[in-house]
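Trainee: Take a look at the following structure, please.
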Ligand SMILES: Nc1ncnc2c1ncn2[C@@H]1O[C@H](COP(=O)(O)OP(=O)(O)OP(=O)(O)O)[C@@H](O)[C@H]1O
Ligand SMILES: [Mg+2]
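Numbering (our numbering), first residue to last: 362 to 597.
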């Protein structure tokens, strides 16, 4: 297991507000999201959670990274996987390298997960960056190898968060939703229109995704800052 060098608490990059400033209102909002997700998991065997959104740039990566930090701070052994094999950003958010990651794991028989998963300085927090971009992302995500790899990782952590591309744009997230235990939809207020959100839900329903809820992101609150809210999904 590699240790992330640059991500000591206090020097975490700006977007990881939950690690930089756990007492802030935003960190508090993330704790509320964590609690709501944990409630939605109550009594269910949900260990792998996909984060997606209808369209680009709604905040999937930043929100899933902060939820991962919040879960780890809450004592859960948490792994965040960057399965956005088209526009990966988790390595940037956590300020770590991306030479080795998920794609290497999928194409190289001899790699051990400990060689690609990075232990953050926050206890209980582990990051698997995307690795180099493949020419065939959907194919890799749909492979038996990927399914088996995710299944093997569930023995290794309490919860696995999976960051993915937008579901209305490419098929990758729908593929992941079909075999991961639950899906959280991120919806950026004022950015995504109702029809786009409905289309995203339809895609998810088509693959029988277990929609755990929706995080409403970028809501205008306290002037220029934005909070996140979470409410339960009903699969309708
Ligand atoms: N609540 C928020 N308040 C302000 N800015 C935000 C918020 N959430 C996300 N952003 C900003 O919006 C931009 C897009 O966020 P992010 O990369 O997480 O979106 P994404 O959905 O993962 O995008 P992509 O579809 O490209 O993967 C980033 O610059 C991020 O810092
Ligand atoms: Mg992203």
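Quick reminder that beta carbons are idealized off the backbone N, C-alpha and C, glycines included.
Judging by CA-CA distance, which residue of 515, 526, 414, 446 is the nearest neighbour of residue 561?
Mentor: The count along the chain shown starts at 1 and reaches residue 561 at position 200. The candidate whose alpha carbon is nearest that of residue 561 is 414.
Trainee: Between which residues of its own chain and residue 552 is the CB-CB distance below 8 Å, once the five residues before and five after are set aside?
Mentor: Locating residue 552 in the chain shown gives position 191, counting from the first residue. If we look at residue 552 and ignore the five residues flanking it on each side, its Cβ neighbours are 416, 418, 419, 579.
Trainee: Taking residue 477 as the reference, give the member of 440, 547, 422, 389 with the closest Cα.
Mentor: Here residue 477 refers to the residue found at position 116 when the chain shown is read from its first residue. That would be 440, whose Cα lies nearest to the Cα of residue 477.
Trainee: So the candidates are 541, 568, 550; which of them puts its Cα closest to the Cα of residue 575?
Mentor: Here residue 575 refers to the residue found at position 214 when the chain shown is read from its first residue. Considering only alpha carbons, the answer is 550.
Trainee: Could you tell me the boundaries of the beta strand (DSSP E) in which residue 441 lies?
Mentor: Residue 441 sits at position 80 when you count from the first residue of the chain shown. 439-443 is the span of the beta strand (DSSP E), which, as asked, contains residue 441.
Trainee: Quick check: the Cα distance between residue 376 and residue 423, rounded to an integer number of angstroms?
Mentor: Residue mapping note: residue 376 aligns to position 15 of the chain shown, counting from 1. Residue mapping note: residue 423 aligns to position 62 of the chain shown, counting from 1. Residue 376 and residue 423: Cα-Cα distance of roughly 7 Å.
Trainee: Using CA atoms only, rank isn't needed, just tell me which of 455, 446, 481 is closest to residue 467.
Mentor: Your numbering for residue 467 matches position 106 in the chain shown. Nearest of 455, 446, 481 to residue 467, Cα basis: 446.
Trainee: In or out: residue 368 buried (at least 16 other Cβ within 10 Å) or exposed?
Mentor: The residue labelled residue 368 in the question sits at position 7 within the chain shown. Unreliable placement is indicated for residue 368, whose pLDDT of 43 sits below 50; no coordinate value is reported for it.
Trainee: Can you tell which of 421, 461, 471, 473 has the C-alpha that lies nearest to the C-alpha of residue 454?
Mentor: Looking up residue 454 in the chain shown gives position 93. Residue 421 is the option with its Cα nearest to residue 454.
Trainee: Would residue 494 be called buried (16 or more neighbouring beta carbons within 10 Å of its own) or exposed?
Mentor: Position 133 of the chain shown, counted from the start, is the residue given in the question as residue 494. Label assigned to residue 494: exposed.
Trainee: I need the DSSP call for residue 453, collapsed to helix, strand or coil.
Mentor: In the chain shown, residue 453 corresponds to position 92, counting from 1. Residue 453 falls in the helix class under three-state DSSP.
Trainee: Ignoring anything shorter than 4 residues, give me the alpha helix (DSSP H) runs that lie fully in the segment 374-403, in order along the chain.
Mentor: The segment 374-403 contains these whole alpha helix (DSSP H) runs: 378-381, 386-402.
Trainee: Run the proximity test for residue 533: is its beta-carbon closer than 7 Å to any non-hydrogen atom belonging to ligand 1?
Mentor: Walking along the chain shown from the start, residue 533 turns up at place 172. False, no ligand heavy atom lies under 7 Å from that Cβ.
Trainee: Could you have a look at residue 523 and say whether DSSP puts it in helix, strand or coil?
Mentor: Your numbering for residue 523 matches position 162 in the chain shown. The answer is strand: DSSP assigns residue 523 an E or B state.
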